[in-house]
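Protein chains in written order, with our numbering: chain P, 1 to 416; chain W, 417 to 832.
Beta carbons are placed, not taken as given, at the ideal position from N, Cα and C, and that holds for glycine.
Keep in mind the model is a prediction, meaning the values are calculated, not measured.
Notes follow once the structure below has been shown.
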């Protein structure tokens, strides 16, 4: 894409009411626009990143036999009354429509997916079932000051699984846990699996926590084996011995980027999601739920991968792989840039090409803000030798001079 | 995909409160589930179709230089007050959140996109701008009895364009009109461009109307050149001469599948979306808006492409290209089916393979309901000769016997 065409501008300053680091960096770089507290518009580059995060999650959910569906955001009051959560969930947005019908905007979807799955399940032969969606959720957060980490409207992947017995739930739960770790790895997030409150039906749930000074959560974790617990439920304190490996437990601030729950029959009972087992006996399906917020992940990645100059996107979710900069005013150089841009693009390499009529300083500054992993600069200084400067964003190595032909060759090879 | 694994079942009957043809067929075939009036869950096959429709629209929007963004559904009251539409749009869903803040759920996004574009535009050099989104809209419809044709929550593609003058808007408007016709063609929908009410700022808007007995709209159209007008504003009656070509005007029921408007400065004025022209003079940007509802299109296609046995999907948006049916109980035949399924799938051909332990009658009936364009049946009758029956869904030709090898070859060739 040519940067001169891009709908979105970088900005030098951000409104003072924006206090979160991730939102400040994302707004400055033109990835998102703030409509109001906790509610953001994704601009073209931000939407590319969000989609890449969603697609990685989608791939790993399909790999654990999750089937993608799409449930509505507008949900009927009756379903929430049935589970007592119409009153129990304080962040539920409620509204009224034609014929005095009352609705909630889905902040989670157990109340919708359970009666849906009930329609498909009669016998143990119909189990297990695992369905997920990637959809926008709504939460009436009293404070929404953490940018993409705590939105009033936000993207969520929610997977729900239904099983004939607890053993089957347990084994699927571990499978999803492994899938989650893979998802975070692919996005350069080092997630610690921390035990957390399990609610009424299980001792523990599990949170995926990423250590960072800007985190809202406090966890204890082992410095060696990374066993962890959320401070809210923890029996440990900093300095204790890890119960698994004996090494030292540390305390740290962290951002929760995913969580998984064994719900067991908490929702299958009120919705009578039952089945006939092998002996023809009626049983309630045993349920698990598994959440990851793609928009929250986008915020978390920015909170972790940045420097004073801007964002440093991990390769797998960067909006483009290459940022090609034309510096100077020489038409011959611009032509060379255009031709490199065309060949790279035609070969499926994601290039943002800064073809704007702007100063070198402005272009370099914007490039830092945008945080595309590799920067290629063609300028008067390098052009006469057929060279360009190549630099990794955020890397400590200095810029390398490379032949333009070699840059092309290297990128075409990497693509494979 | 193997049908035995599919989350979704066909059903023989549909709840009596569902009166619309499209919803009945889609529910019976397991493409959607009805949560409540005007609100549907997309099951795996329905979601595939919806995504294919959205992707065709996306491709054609990108082709007219639209840039994709994603605006929120939750929108602040202030923006709607500014244009007077907080009270004027009677289908606006309104709700209250923390701190007594009032919101509307977006039923359209002029109130959000205009102040957003204002942030990016200062000079005539920043124009034109065209941004679009594919996002869920909400409308508090008093009656929602038309299935996917009139949802309370529904998928919408909305494109907004901003120009320095009317001439530029006019030329872009024609470009989008052509893109819309291409979109409908690709989905086997014959859309008539009908003049409709233009509102305060223009004489006409344009609707894309598809003729069908189940349509909610009435249009007059020329039997020869397909010039059309919505009956609501029409100066014609059935039998009149076409003002363009002189042939006969007919009256017909139709479904509106898209509409385009010249909004001119209706929204740029209240939001002060202005720019400096070449002479340094302040002017308001001139705006157009262009809507297509992917979920409505899905409903419209079903209303048009069906027979008594079920849906007949157009190839471009069918959930799969091939429905492979294993009939009988012979393990050798099942093995042959499995192997054909594997080779086709591995080569990127979208196959639904009915591997279920069900009767031939049930499988054939379900296959009719599902409406996948090509059906391939391997049964005891054909297997010993290495043959399969091939039949187009909805076509008048009889089933053809073909060698299984040839079916494979033909599909691999078609893919290219």
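- In the structure shown, residue 507/W adopts coil according to DSSP, grouped into three states.
- Counting C-beta pairs closer than 8 Å gives three or more between the stretch 206–220 of chain P and the stretch 183–193 of chain P, which meets the contact rule.
- When only Cα atoms are considered, residue 494/W and residue 586/W end up about 31 Å apart.
- Between residue 86/P and residue 80/P, the alpha-carbon positions lie close to 5 Å from each other.
- Counted as a single uninterrupted DSSP element, the stretch harbouring residue 387/P is not any alpha helix (DSSP H) but the beta strand (DSSP E) occupying residues 387–392.
- Sequence-distant partners of residue 447/W (beyond 5 residues in either direction) whose C-beta falls short of 7 Å from its own C-beta, in its chain, are 459, 461, 462, 465.
- Excluding sequence positions up to five before and after residue 557/W, its CB lies within less than 7 Å of the CB of 454, 507, 566, 568, all in the same chain and listed in chain order.
- For residue 405/P, there is no enclosing beta strand (DSSP E); the enclosing alpha helix (DSSP H) covers residues 404–415.
- Straight through space, the alpha carbons of residue 341/P and residue 347/P are spaced by roughly 10 Å.
- Residue ranges of uninterrupted beta strand (DSSP E) with 3 or more members, entirely inside the stretch 143–196 of chain P and ordered along the chain, are 153–163.
- Within chain W, the residues 451, 457 have their CB atoms less than 8 Å from the CB of residue 112/P, given in chain order.
- The DSSP-derived three-state label of residue 770/W is strand.
- If you look at residue 39/P, you'll find it in the beta strand (DSSP E) that goes 39–42.
- Taking CB atoms only, residue 98/P has a neighbour in chain W less than 8 Å away.
- If you draw a 10 Å sphere on the C-beta of residue 538/W, you find fewer than 16 other C-beta atoms in it, and that means exposed.
- Chain P has a Cβ within less than 8 Å of the Cβ of residue 484/W.
- In this chain, the alpha helix (DSSP H) harbouring residue 114/P covers 110–120.
- Here the stretch 468–488 of chain W does not lie against the stretch 736–756 of chain W, with fewer than 3 beta-carbon pairs under 8 Å apart.
- With contacts defined as CB atoms closer than 8 Å, residue 239/P and residue 261/P fail to qualify as a contacting pair.
- The Cβ atoms of residue 373/P and residue 321/P sit closer than 8 Å to each other.
- Within its own chain, the residues whose Cβ lies closer than 6 Å to the Cβ of residue 1/P, once the five positions on either side in sequence are excluded, are 352, listed in chain order.
- In the three-state reduction of the DSSP assignment, residue 462/W falls in the helix class.
- Within the stretch 459–490 of chain W, contact with chain P at the beta-carbon level (separation under 7 Å) is assigned to 459, 460, 463, 483, 484, 485, 486, 487, 488, 489, 490.
- With respect to residue 623/W, residue 590/W sits apart: the two C-beta atoms are not nearer than 8 Å.
- Secondary structure of residue 236/P (DSSP, three-state): coil.
- In this structure, DSSP gives residue 288/P an extended state, which the three-state scheme calls strand.
- In this structure, DSSP gives residue 545/W an extended state, which the three-state scheme calls strand.
- For residue 247/P, the closest of 253/P, 228/P, 265/P, 233/P by C-alpha to C-alpha distance is 228/P.
- At a C-beta separation below 7 Å, residue 138/P has these neighbours in chain W: 490.
- For residue 409/P, no CB of chain W lies under 8 Å from its own CB, so it is not counted at the interface with that chain.
- The beta carbon of residue 362/P sits closer than 7 Å to none of the beta carbons in its chain outside the five residues before and after it.
- Judged by their CB atoms, residue 283/P and residue 275/P are nearer to each other than the 8 Å cut-off.
- Between residue 69/P and residue 180/P, the gap from beta carbon to beta carbon reaches 8 Å or more.
- Ranked by how close their Cα comes to the Cα of residue 513/W, the residues 105/P, 319/P, 99/P, 280/P have 105/P in first place.
- In the structure shown, residue 76/P falls within a strand segment according to DSSP collapsed to helix, strand and coil.
- Counting every other CB atom within 10 Å of its CB across the protein chains shown gives residue 35/P a total of 16 or more, marking it as buried.
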